[in-house]
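Worksheet: the structure to be examined is printed underneath.
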Amino acid sequence: MQVSNELAALMNKAIAKEVEASMQYLWQSILWAGVKGHATKDELKAFSDEERGHAEEIADRLYYLGGIPERGLHVSMAQVPIGDDLDARLAIDAKNEQATIDLYNQIIEQCIADGDKTTEYMFREILKDEEHHHDVITTLQEED
């Protein structure tokens, strides 16, 4: 199976989002402060590891399909939003996770259009993780 240009572009966008999210969660887990920060740092570190794994899985699949992960992919720490405090960090995280969920639903639709059931299944599985991240983050934003 050969990857379509549309799906390859979307997968490269997904790789970039996953790399950025991994760095973002890593830094947020390191820069924690206060009781709430202490309570969330391990969860954020785990998210960082999961996001890095997603980037690798997507890149492997793209390469298998004959595409090449963009060599020009460059994520600078200066470009990664971290937030000044926990509330700001959680707001950034919730927004980014929702954008990723939206992107992955778009990728799943492209997979269906392309007849690529394996990549569709892979993104459905990754989507479950992203929805879990979004759920945890939005729950952490609640005060009660």
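For the sequence shown, the numbering used here begins at -11 and goes up steadily by one. Positions of the beta carbon are idealized from the N, C-alpha and C atoms, including for glycine.
Subject >> Bounding residues of the alpha helix (DSSP H) (the contiguous stretch that carries residue -9) >> reply: Here residue -9 corresponds to residue number 3 of the sequence shown, with the count starting at 1. No alpha helix (DSSP H) contains residue -9, which DSSP labels as neither H nor E.
Subject >> Selection from 108, 123, 95 and -4 that minimises the alpha carbon distance to residue 78 >> reply: Here residue 78 corresponds to residue number 90 of the sequence shown, with the count starting at 1. Residue 123 is the option with its Cα nearest to residue 78.
Subject >> Separation of residue 7 from residue 20, as counted between CA atoms >> reply: Numbered from 1 along the sequence shown, position 32 holds the residue referred to as residue 20. Numbered from 1 along the sequence shown, position 19 holds the residue referred to as residue 7. About 20 Å.
Original post:
For the alpha helix (DSSP H) that contains residue 25, what are its first and last residues?
Top reply: As a working note, residue 25 is residue 37 in the sequence shown. Its alpha helix (DSSP H) spans residues 22 to 52.
Original post:
Can you tell which of 43, 101, 129 and 126 has its C-alpha closest to the C-alpha of residue -6?
Top reply: Your numbering for residue -6 matches position 6 in the sequence shown. Looking at the Cα atoms, 101 is the closest of the given residues.
**OP:** Would you mind sorting residue 129 into buried or exposed? The rule is 16 or more other CB atoms within 10 Å of its CB.
**Re:** Along the sequence shown, one-based indexing puts residue 129 at 141. Burial call: exposed.
Subject >> Simplified DSSP assignment, three categories, for residue 95 >> reply: For this step, residue 95 is matched to residue 107 along the sequence shown. Helix at residue 95.
Original post:
What number of angstroms, rounded off, separates the C-alpha of residue 33 from the C-alpha of residue 71?
Top reply: Residue mapping note: residue 33 aligns to position 45 of the sequence shown, counting from 1. Residue mapping note: residue 71 aligns to position 83 of the sequence shown, counting from 1. Approximately 16 Å, taken between the alpha carbons.
Original post:
Would you say the segment 25 to 45 touches the segment 112 to 119, given that touching needs at least three Cβ pairs under 8 Å?
Top reply: yes
**OP:** Alpha carbon to alpha carbon, how far is residue 103 from residue 84? Give it in angstroms, no decimals.
**Re:** Here the question's residue 84 lines up with position 96 in the sequence shown. Here the question's residue 103 lines up with position 115 in the sequence shown. Those two C-alpha atoms are separated by around 28 Å.
Original post:
What's the C-alpha gap between residue 109 and residue 99?
Top reply: Translated into the one-based positions of the sequence shown, residue 109 becomes position 121. Translated into the one-based positions of the sequence shown, residue 99 becomes position 111. Going from the Cα of residue 109 to the Cα of residue 99 covers about 9 Å.
Original post:
According to the neighbour-count rule (16 or more other Cβ atoms, all chains shown, within 10 Å of its Cβ), is residue 54 buried or exposed?
Top reply: Your numbering for residue 54 matches position 66 in the sequence shown. Counting Cβ neighbours within 10 Å, residue 54 comes out exposed, since fewer than 16 surround it.
**OP:** Please go through the same chain and pick out, in chain order, the residues whose beta-carbon is closer than 6 Å to the beta-carbon of residue 68, but skip the five residues on each side of it.
**Re:** Numbered from its first residue, the sequence shown carries residue 68 at position 80. Contacts found: 8, 11 and 12.
Original post:
Alpha carbon to alpha carbon, how far is residue 2 from residue 30?
Top reply: In the sequence shown, residue 2 corresponds to position 14, counting from 1. In the sequence shown, residue 30 corresponds to position 42, counting from 1. Roughly 24 Å between the two C-alpha positions.
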